[in-house]
Amino acid sequence: MLLGRGSSRLTNQEMHMSKRILVVALAVMVVPVLARTLAAQAQGAKGSPAKTATWTPPKTPWGHPDLQGSWTSDSARGIPTQRPEQFAGRAELTDQEFAERTARDEQTIKNARAASGVQTGGRDGAWRGSQSFRQTSLLVDPPDGRMPPITPEAEKRRATRDRGSFGDGPFNGPEDFTLYDRCITRGIVGGVLPVPYGNGNVILQTPDSFVISYEMIHDTRVIPLNGRPHLGQNLRQYLGDSRGHWEGNSLVVETTNFTDKTSLGANGNGLRHTEAMRMIERFTRTAPDVMRYEITINDPKTYTRPWTLSLPLIAPRGFEVLPYECHEGNGAVKYILSAERTEDKALAEDLKKGIVRARKAPQNAINVPPGTE
570 MLLGRGSSRL TNQEMHMSKR ILVVALAVMV VPVLARTLAA QAQGAKGSPA
620 KTATWTPPKT PWGHPDLQGS WTSDSARGIP TQRPEQFAGR AELTDQEFAE
670 RTARDEQTIK NARAASGVQT GGRDGAWRGS QSFRQTSLLV DPPDGRMPPI
720 TPEAEKRRAT RDRGSFGDGP FNGPEDFTLY DRCITRGIVG GVLPVPYGNG
770 NVILQTPDSF VISYEMIHDT RVIPLNGRPH LGQNLRQYLG DSRGHWEGNS
820 LVVETTNFTD KTSLGANGNG LRHTEAMRMI ERFTRTAPDV MRYEITINDP
870 KTYTRPWTLS LPLIAPRGFE VLPYECHEGN GAVKYILSAE RTEDKALAED
920 LKKGIVRARK APQNAINVPP GTE
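Our numbering runs 569 ahead of the 1-based position in the sequence shown.
Here it is, written out as structure tokens:
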């Protein structure tokens, strides 16, 4: 967590209600959002896609599969992004491995419910739900579950700025930070990949729009479903330009017109993609409280082949997305820039004394208890 980073676990009722009103207002510009009807079918055995293959999702009053609700990727915490060597050649866990993961997941919930004060993992882990999933990695294509190699061109683009305040700088201005550091956006992928907190999103639908609002940094996308063409190529946006259509019970969203200012890692950190990137998302509800979310990335200037992530999203009973006040109290950029200038002076003074040392990292000892560093 960054110094001064906003919190997503506020309890102020008025702020919570204003957030919900804002999100709903975006969806009701033309057509009122209608309440969803939950299916009566019971869910199959946890973590077993085969048991839910015949489940039929409920429909909206206008006939589209109903994806609405408050969802979280907390269920994917504990599933590695890339497949570990011990699972090589296997997309799913064995029964014994699955039992071990289930036990770990249950312990995560217990620890989160018992947490008090500032503790590793925090209380958000309680929302990971009672279900565990068998997949050995979030990355499902290439089939080996490993990220494809990057291109020589992308290798030349690597920069310390890619990690922002989690890197070693130097930090001479706001442009040296990520858009996450600056409370602007985490990007589409970074907005869904599970991190220690703030993994919720809200989905709303109208007959001709699909709306998804992310908890952390509170991005909201309003995606047309009416066949409207993409924007002209000269118009670029951090979250690109998205258009959706239905394929059976799956909503398929194609996004183009990205900038080259965002990345695809957790919290939007990591090697930046290019403007050439195209993204395909698939939203498929597989049970009353489970949705399969797939993201395919195709950026030939960065990766040697396309790759796909698959995440289970869940809707635990009682789960709600609360306001995430990022700018309010976020001193990360200001404090780090101030500390960097102080470090400049300290390095110069040490040099006068004949002391040559490395620059301290901006988050030096941030996780070390005071008085023990």
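Glycine included, every Cβ here is placed at the ideal spot set by N, Cα and C.
- Annotated as proximal: N826 and G809, with beta-carbon spacing under 7 Å.
- Remark: fewer than three beta-carbon pairs, one from each stretch, lie closer than 8 Å, so the stretch 728-746 and the stretch 877-886 are not flagged as touching.
- Residues D731, S832, L833 of the same chain have their beta carbon placed closer than 7 Å to that of G839, with the five preceding and five following residues left out of the count.
- The continuous stretches of alpha helix (DSSP H) do not include E863, which lies in the beta strand (DSSP E) extending over residues 859-867.
- Apart from the 5 residues on each side of it in sequence, G756 sits with its Cβ closer than 6 Å to the Cβ of T831, G837 in its chain, given in chain order.
- Distance between V859 and H842, taken at the CA atoms: about 30 Å.
- DSSP lists T641 as the beta-bridge partner residues of G769.
- DSSP places E661 in the strand class (E or B) of the three-state scheme.
- For A645, the closest C-alpha among the options A668, P627, D674 is that of D674.
- Classified as buried, A901 has 16 or more neighbouring CB atoms from the shown chains inside 10 Å of its CB.
- Straight through space, the alpha carbons of D750 and P793 are spaced by roughly 30 Å.
- Residue burial annotation: E850 is buried, with at least 16 other C-beta atoms found within 10 angstroms of its C-beta.
- By the Cβ rule, the stretch 762-770 counts as touching the stretch 637-644, because three or more pairs are nearer than 8 Å.
- For the pair T671 and S706, the CB atoms are not nearer than the 7 Å cut-off.
- Secondary structure at K830: coil, using DSSP grouped into helix, strand and coil.
- Between the stretch 784-799 and the stretch 717-728, the count of Cβ pairs shorter than 8 Å is below three; the stretches do not touch.
- Counting every other CB atom within 10 Å of its CB across the protein chains shown gives V925 a total below 16, marking it as exposed.
- Straight-line spacing of the CA atoms in A927 and L920 works out to 11 Å.
- Checking the DSSP bridge columns, you'll see P634 partnered with K628.
- For S907, the enclosing alpha helix (DSSP H) starts and ends at 901-921.
- Looking at the DSSP output, W696 bridges to nothing.
- Assignment of P892 by DSSP, reduced to helix, strand and coil, places it in the coil class.
- Here DSSP, grouped into helix, strand and coil, assigns S778 to strand.
- A residue is called buried when at least 16 other Cβ atoms come within 10 angstroms of its Cβ; A856 meets this threshold and is buried.
- Taking 7 Å as the cut-off, the Cβ atoms of T865 and S819 do not count as close.
- CA-to-CA, the gap between V764 and T873 works out to about 27 Å.
- For E722, no beta strand (DSSP E) encloses it; the enclosing alpha helix (DSSP H) starts and ends at 721-726.
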